[in-house]
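Read through the structure below, which is laid out as structure tokens, and then see the notes.
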Amino acid sequence: MALFRKGKSQAPAKKPSQKSVTATASNPNLADADAKPDFTVSGLWTDLLGRLGIRSAQLLVVGVLGAFLIIGMLRLTMIVIPTLLAVIISCALWPLVVRLRKIFSPMLSAWIVFLGSLLLLGGVGTGLVFSVINEWPKLVDKAVQGFNQLNDMVQELIGNLPISIDQGQIDNVVNTVTGFLTSAQFGTGALNTLSAAGSFLTGLVLLLVILFFFLKDGDKIWAFAVSWTPVHYRNKWILSGDRALRTFGGYIRGTATVAAVDAIGITATLLIVRVPLAIPLGIIVFLGSFVPMVGATVAGILATLIALVTNGPIVALIVLAAVILVNQLEGNFLQPVVMASALNLHPLVVLLALTAGTVLAGIVGAVLSVPLVAASWSVIKVWTGRDKMDPVPAASAEIKSEVEIDQDEKALEKLESGEEESSQAPKG
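Each residue of the sequence shown is one higher than the one before, counting from 7 in the working numbering.
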């Protein structure tokens, strides 16, 4: 057996021939040809360009999904718009329902809040809106007359300047706007826009039904939805719902407070200076305040034009000053205090959301876009951990420190180059 093992032992490794060694030494490319490539297939997906491609594909898929979702919502506006309105309104009324449940049953609490809000807001709002509709032709005529007077004043001021404005184009614009506002198409178009498509009555009934069930079974509906979420993500879903509830409720309550202050301030000014149609103008200011950044300003301009044509330029300047004062009070005091936690968005984001909502869904989109973006941002902060710690101040400090270090390095390099030049200079 020993002999057998000896016979079967491995042969010594074959040494490379002198010829192959000489060939490799004379031509190093032969050794590179036998070596492995510098890259691999997996490396193509793990380097910077590969990771960028994967992330771009992910963003593309998410963007396509979001586009299809938006298109589907626009096709189903009869269901989507009433549901969104019911969700936002129910979030604003939910704290009252919770308090009443401590005394009454959930069904009775829901009926009390539903009927109370319907009688208070619906009754008063309907009466005010109908008063505005009855006075609308007079408002349009007064506004057009005020615009014409303002245009005449501007033409007189710039008459001696080399720049001229084509009066014919201005008259065409005024006639077009006036004809649209006073025509029957305006009422029909506005009604269709507010109802988001189809019949306004059907959308209103659907809104009221959905609102009642949200007030009655809102917590059960949310618990049913959360029960389908993965257990390891359930806490984030619960926090997301809580943040959305607070954002929607705080936004509606805060906007209503700000709109009431704007309407009271401008209406009081109009009544003091005895401008006609003060109450309808105050209602327009209140309703317009639900469109951020634009609504109250447009309503204030309308009030100024009517004051110009009815009471003269002095009263118009007083009304304009009141409008500017109210807007400054809203922007610098009311908005930060009343809506600090509900609308924690940059004004540029609010403007972009307002524009996108107006393009997609008209007036309803302008009203709903900002609270939807605010609630979405609050949910995103929950899922990214930004609700616990804001990394923006740390990033700002890092940017500032990097800039200071760079400036110090440049100053040091300039100083060293100056010293070298002085040392190399010939001594006198």
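No residue lacks a Cβ here, since even glycine has one placed at the ideal position from N, Cα and C.
The C-beta distance from Val-344 to Gly-260 rounds to 4 Å, short enough to fall under 8 Å. The continuous alpha helix (DSSP H) containing Lys-222 extends over residues 206-232.
For the pair of segments examined, the segment 210-217 was found to touch the segment 88-101: the number of CB pairs separated by less than 8 Å reaches three. Short of 7 Å from the beta carbon of Leu-221, and not among the five residues preceding or following it, lie these beta carbons of its own chain, in chain order: Ser-96, Leu-99, Val-103, Ala-116, Val-119 and Phe-120. Assigned with DSSP and collapsed to three states, His-352 falls in coil, not helix or strand. Fewer than three pairs of CB atoms, one per stretch, sit closer than 8 Å, so the segment 280-292 makes no contact with the segment 239-249.
The three-state secondary structure of Phe-296, taken from DSSP, is coil. The alpha helix (DSSP H) runs lying completely inside the segment 301-365 and spanning 4 residues or more are 301-317, 319-335 and 341-344, given in chain order.
Going by DSSP, Phe-74 is part of the alpha helix (DSSP H) stretching over 54-81. Per DSSP, Arg-249 is one residue of the alpha helix (DSSP H) stretching across 240-278. Judged by their CB atoms, Ile-87 and Val-370 are nearer to each other than the 9 Å cut-off. Apart from the 5 residues on each side of it in sequence, Thr-310 sits with its Cβ closer than 7 Å to the Cβ of Ala-322, Val-325, Leu-326 and Val-329 in its chain, given in chain order. Taking C-alpha positions only, Ile-289 is separated from Val-267 by approximately 12 Å. Under the three-pair Cβ rule at 8 Å, the segment 374-385 counts as touching the segment 351-362.
The C-beta of Ile-258 has 16 or more other C-beta atoms within 10 Å across all chains shown, which makes the residue buried. Approximately 12 Å separates the beta-carbon atoms of Leu-287 and Ile-270; this is outside 8 Å, ruling out the contact.
DSSP places Met-113 inside the alpha helix (DSSP H), whose first and last residues are 112-123. The Cβ atoms of Ala-229 and Ile-272 do not sit closer than 9 Å to each other. In the structure shown, Val-93 adopts helical secondary structure according to DSSP, grouped into three states. Annotated three-state conformation of Met-84 is helix, per DSSP. Judged by their CB atoms, Ser-382 and Arg-252 are not nearer to each other than the 9 Å cut-off. Nearest in C-alpha terms to Val-332, of all of Leu-314, Ile-77, Val-291 and Leu-124, is Val-291. At a Cβ-Cβ threshold of 9 Å, Ala-302 and Ala-262 do not count as neighbours.
For Thr-390, the number of other beta carbons within 10 angstroms of its own is below 16, and it is reported as exposed.
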